[in-house]
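See structure below.
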Amino acid sequence: MQVSTRAFLAAFGRIGLLSFGGPAAQIALMQSELVERRGWLEQRQFLGALSFCMLLPGPEAMQLATYAGWRLRGTWGGILAGLLFVLPGALAILALALAYAQYGDVPLVAALFAGVKAAVLVIVAQALWRLGNRALEGRAQVVLAVLAFAAIYAAALPFPLIIAAAAAWGAWAARGQPHGAAAPITPGQTARTLRTIAIWGSLWAAPVLAAHAADATFLAAIAAFFSKLAVVTFGGAYAVLAYMTQTVTQTHGWISADQMIDALGLAETTPGPLILVTQFVAMLAGFGAGGTGTALAAGAMALWVTFVPCFLWIFAGAPYLERLLAQPRLRGALSAISAAVVGVIANLSLWFGLHVLFAELRNGPLGTYPVLSSLDTPAAGLTALAAILMLALRIPMLPALALMAAAGGLLHLAL
Numbered sequence: 002m003q004v005s006t007r008a009f010l011a012a013f014g015r016i017g018l019l020s021f022g023g024p025a026a027q028i029a030l031m032q033s034e035l036v037e038r039r040g041w042l043e044q045r046q047f048l049g050a051l052s053f054c055m056l057l058p059g060p061e062a063m064q065l066a067t068y069a070g071w072r073l074r075g076t077w078g079g080i081l082a083g084l085l086f087v088l089p090g091a092l093a094i095l096a097l098a099l100a101y102a103q104y105g106d107v108p109l110v111a112a113l114f115a116g117v118k119a120a121v122l123v124i125v126a127q128a129l130w131r132l133g134n135r136a137l138e139g140r141a142q143v144v145l146a147v148l149a150f151a152a153i154y155a156a157a158l159p160f161p162l163i164i165a166a167a168a169a170w171g172a173w174a175a176r177g178q179p180h181g182a183a184a185p186i187t188p189g190q191t192a193r194t195l196r197t198i199a200i201w202g203s204l205w206a207a208p209v210l211a212a213h214a215a216d217a218t219f220l221a222a223i224a225a226f227f228s229k230l231a232v233v234t235f236g237g238a239y240a241v242l243a244y245m246t247q248t249v250t251q252t253h254g255w256i257s258a259d260q261m262i263d264a265l266g267l268a269e270t271t272p273g274p275l276i277l278v279t280q281f282v283a284m285l286a287g288f289g290a291g292g293t294g295t296a297l298a299a300g301a302m303a304l305w306v307t308f309v310p311c312f313l314w315i316f317a318g319a320p321y322l323e324r325l326l327a328q329p330r331l332r333g334a335l336s337a338i339s340a341a342v343v344g345v346i347a348n349l350s351l352w353f354g355l356h357v358l359f360a361e362l363r364n365g366p367l368g369t370y371p372v373l374s375s376l377d378t379p380a381a382g383l384t385a386l387a388a389i390l391m392l393a394l395r396i397p398m399l400p401a402l403a404l405m406a407a408a409g410g411l412l413h414l415a416l
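Each number in the numbering used here corresponds to the 1-based position in the sequence shown with 1 added.
Here is the structure:
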């Protein structure tokens, strides 16, 4: 189908500006814009592409937009579609992170964020419930989720190891299942794929190697960590947040637990993929390490190593979409990863809950536990209010976040 440049930019620009509400809302927006309204993609193509993107690490909605752009206008179309999906949110995060770094410690601002934190706790619990209903289809998936929770919460095993173990089990369990129909590989496709991998792999590595060559230790550490994150981000941003939180707050000590929760709350208010929280975290870490200039460099580095891999996965894998989706072991690995991710998000929910609701936590042999006498009563009240607004009254996320920020500010003024 021939799509004009003007119509292409208008459609994907609209998607990027309106992509609030997480991957489900973003995918629904693309379905409406690309399939129903404009008829640029068939429903079968759209669903197949969505399944393919869910197999990949990284934000599936951004990768789906990139795939759609590639399908319509080739590589440059994919690049434009991906950039238009990410840039509005990245610019918003840039402004919010700088403002937060400058004014986040002001008492009234901190009170506003207390309300946002309570809303974030409910948002993560909602994500856990939705994903659990979709991913846990039988006893085996439930067992995987429980084991993943125990592995990361009690045993403190690394997130990549948990994902790898789940994928290996899922692939093994799917042995003997029939293959689906797959299209043959076209002549010269392997050479084109290797060239694509070389180009995008070099682009991914360039700033990482430059940071090492310049002996910029902090930026090199940012590049290495967020590059690793780009490879293990299966199951969406919520899944990898537990791993990111553990690393940036405990291993590296770049930011505090409270700042991590605030980062997620602000990322929820912007368009684009939630994984843009990596930019916010990197900027806060950079501000603490060297001020505004370092914050800007760290944010740019995090953006680059988070999203350049997304283009690599799509452009290298899209020509093989039908063959990949026909592999039963690949489908089995994805199913197992999805189940394990439920357990990982359960750990994230508990981690957020403990840090929002209790002032004092202790480490025991089976993980972190709260000192019950340190319960933060105002935070508990704000969390109850957030649950009423979002679960009982079903107020949409953005208005609920605004209301909760206002509630936190009013509570601060009252006390």
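The beta-carbon is built from N, C-alpha and C at its ideal position, and this holds for glycine as well.
Consult DSSP for residue i and reduce its assignment to one of helix, strand or coil.
| i | result |
| --- | --- |
| F359 | strand |
| G90 | helix |
| L57 | coil |
| T76 | helix |
| P159 | coil |
| G368 | strand |
| L30 | helix |
| L433 | Here the chain has residues from 2 to 416 only, and residue 433 is not among them. |
| L297 | helix |
| L65 | helix |
| L331 | helix |
| L376 | strand |
| T187 | coil |
| D263 | helix |
| V117 | helix |
| R395 | coil |
Can you give the beta carbon distance from residue i to residue j, rounded, assuming they're within the 8 Å contact cut?
| i | j | result |
| --- | --- | --- |
| Y154 | N348 | 5 Å |
| L109 | G354 | In fact, because the Cβ distance is near 25 Å, the residues do not count as touching under 8 Å. |
| A286 | W305 | Not really, about 15 Å apart at Cβ, beyond 8 Å. |
| T82 | A100 | Just to set this straight, residue 82 is Ala in the shown sequence, not Thr. Not really, about 29 Å apart at Cβ, beyond 8 Å. |
| A334 | A172 | 4 Å |
| L416 | T384 | Contact doesn't hold; Cβ gap of about 17 Å is too wide. |
| I164 | F235 | 6 Å |
| F312 | I80 | 7 Å |
| A11 | L35 | Actually they do not touch by this definition, with Cβ atoms about 12 Å apart. |
| A62 | I28 | 6 Å |
Return the chain-ordered list of same chain residues with a C-beta closer than 6 Å to the C-beta of residue i, the five sequence neighbours on each side being excluded.
| i | result |
| --- | --- |
| A212 | L220, A221 and A224 |
| L242 | L349 |
| T194 | A317 |
| G90 | T271, P272, G273 and L277 |
| L267 | L97 |
| A406 | L113, G116 and V117 |
| F132 | Note on identity: in this sequence residue 132 is Leu, with Phe being the wrong assignment. So the qualifying residues of the chain are V343. |
| V209 | A224 |
Residues in the same chain with beta-carbon distance under 8 Å from residue i, minus the five sequence neighbours each way, listed in chain order, please.
| i | result |
| --- | --- |
| K229 | P161 |
| V232 | P58, P161 and P310 |
| F53 | Y68, G318, A319, L322, L325 and L326 |
| F227 | T279, A283, M302, A303, V306 and T307 |
| P24 | P60, E61, A62, G237, P274 and L275 |
| R135 | S339 |
Just the C-alpha distance for residue i and residue j, rounded to the nearest angstrom, thanks.
| i | j | result |
| --- | --- | --- |
| L65 | L19 | 15 Å |
| V143 | L137 | 6 Å |
| A298 | L85 | 21 Å |
| V282 | L122 | 18 Å |
| A337 | L92 | 35 Å |
| L113 | T295 | 27 Å |
| Y244 | L158 | 10 Å |
| G382 | A388 | 10 Å |
| V4 | T76 | 14 Å |
| L392 | G177 | 43 Å |
| P397 | T218 | 42 Å |
| F9 | G40 | 12 Å |
| G14 | M55 | 23 Å |
| I198 | L73 | 21 Å |
| A175 | R140 | 16 Å |
| P188 | L351 | 51 Å |
| Q190 | L390 | 52 Å |
| W314 | D259 | 33 Å |
| R38 | A408 | 39 Å |
| R332 | L145 | 16 Å |
| M31 | I16 | 7 Å |
| H253 | G300 | 17 Å |
Would you say residue i reaches chain C, if we count a Cβ-Cβ gap shorter than 9 Å as a contact?
| i | result |
| --- | --- |
| W205 | Within the model displayed, chain C is absent; a lone protein chain is all it includes. |
- [ ] Flag this pair as touching only if the region 145-154 and the region 338-348 have three or more C-beta atom pairs under 8 Å; answer yes or no.
- [x] yes
TODO: Determine contact between the region 401-416 and the region 108-125, defined as no fewer than three beta-carbon pairs at a distance below 8 Å.
DONE: The region 401-416 makes contact with the region 108-125, as at least three CB pairs between them are under 8 Å.
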